[in-house]
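Please read the structure below before turning to the comments.
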């Protein structure tokens, strides 16, 4: 029995077979159309044979294309993931370098008063002659404010999202620690007792006292810092006028494992506060990757913008510190202690790592003193012996010595540099007592620069 393409199916077939016949007739209609125009009709077996031939051809093409499609699919998937990871890493780096918002003061607290607009009420100041203290000459009042402020250095610490400050008073004594060792030995223990500055009540008295004391406060006191984030937050929390009035900075970036520590590790802001897993480590490392994310969650208002960097700059916290120090117009003395565990030279010399970024600040200040620690570069040892030939039979050698699990510590060298005649002169330091910088200067009179305030 022959069938013509397009004719109705036989009526004796079951409905399921008729459905299959319609489907095959529809699939082969396009292929058999040209044939029907020539022969007029095709048998069912010929149509089925042509359809099977076409399916075998499609299967062969799939088999040949399979080795090419799978690598192409894998390449597209890997490329998309790499692009997504690079995009995510770049966005993460941009987010870390995004500076916190800066708040503008609505009005200045110290004279001269700013000019008000037409719709604001004009501000006035009074001489406050009813106060007997303010009737004294200006020079006598400055001497009184100097006695109130004192001469101790002030440590600034970023703790729990806020800036805190305190003074230090040394209480040195010798203690016998015979219960800690077999032989009797005496150690020098330094106790650091903190005391509050208590200047805020005086500043809140009146605007005239505030303007006189704040100017003297930032010019007279020496501000000391033990970690990087405290210095960055302190510089951003000052108004530009007070920032330019600072004259003396001391950065005690010493080893936190020593027996004498000003700030304990537990006092630094922890990870739960800022949501940063590496904040505790980056607070100790001076040349770590710069991260501004902790500053966007501070409880202290910021009035100065932090240094701006791009992703390609590969900026570190040391770069931000040097930029801020170079912007201090009134800086006169700068002292630093950089320990090996917190400051890494990264293959550069001391002059390139310190004098290069701090060139503007060093050329401006009158006194510069820095102590740097690093591992010495040992001379290379003798070359190893050549390997024996392949046919050489090595004699029985003695067993190798046991492996020492605890290697001896690598010695650390220290150098101290001072600014003399416009150039930094370095010298090696062997006595640990020379690593502690005096306050405020160890040359000339002890408080010679205080008379300039």
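Numbering (the UniProt record's numbering), first residue to last: 1 to 453.
Cβ atoms here follow ideal geometry from the backbone N, Cα and C, with glycine treated the same way.
Of all the options the options, which has the alpha carbon lying nearest to the alpha carbon of residue i?
i           : options               : result
residue 224 : 325, 236, 157 and 216 : 157
residue 213 : 145, 153 and 239      : 145
residue 303 : 136, 361, 104 and 325 : 104
residue 359 : 328, 293 and 136      : 328
residue 288 : 356, 314, 55 and 138  : 314
residue 228 : 199, 291, 206 and 219 : 291
residue 468 : 55, 78 and 421        : With the chain represented from 1 up to 453, any question about residue 468 goes unanswered, as that position is not in the structure.
residue 126 : 44, 310 and 206       : 206
Looking only at its own chain, which residues have a Cβ that is under 6 Å from the Cβ of residue i, when we skip the five neighbours before and after it?
i           : result
residue 370 : 336 and 417
residue 296 : 100
residue 323 : 307
residue 372 : 338, 350 and 415
residue 102 : 302 and 305
Using a Cβ-Cβ cutoff of less than 7 Å, which residues in the same chain neighbour residue i once the five nearest sequence positions on both sides are dropped?
i           : result
residue 425 : 417 and 418
residue 215 : 245
residue 49  : none
Our contact map puts residue i next to residue j with C-beta atoms below 8 Å; I'd like the distance itself, whole angstroms only.
i           : j           : result
residue 147 : residue 208 : Not a contact, Cβ separation roughly 18 Å.
residue 222 : residue 242 : Going by Cβ atoms, the distance from residue 222 to residue 242 rounds to 15 Å, so no, they are not a contact pair.
residue 338 : residue 325 : That pair is no contact at about 14 Å.
residue 300 : residue 163 : 5 Å
residue 149 : residue 220 : 6 Å
Just mark residue i as buried or exposed, buried being the case when its beta carbon has 16 or more other beta carbons within 10 Å.
i           : result
residue 131 : exposed
residue 140 : exposed
residue 88  : exposed
residue 320 : buried
residue 155 : buried
residue 75  : exposed
residue 61  : exposed
residue 133 : exposed
residue 294 : buried
residue 342 : buried
residue 217 : buried
residue 66  : exposed
residue 361 : buried
residue 298 : buried
residue 286 : buried
residue 70  : exposed
residue 68  : exposed
residue 47  : buried
Considering only residues of the same chain and omitting the five flanking positions on each side of residue i, which have a CB-CB separation below 8 Å?
i           : result
residue 365 : 331, 332, 333, 334 and 419
residue 454 : Here the chain comprises residues numbered 1 to 453, so residue 454 is not present and cannot be evaluated.
residue 240 : 303 and 304
### Query
Do the region 88–97 and the region 226–236 meet, that is, are 3 or more Cβ pairs less than 8 Å apart?
no
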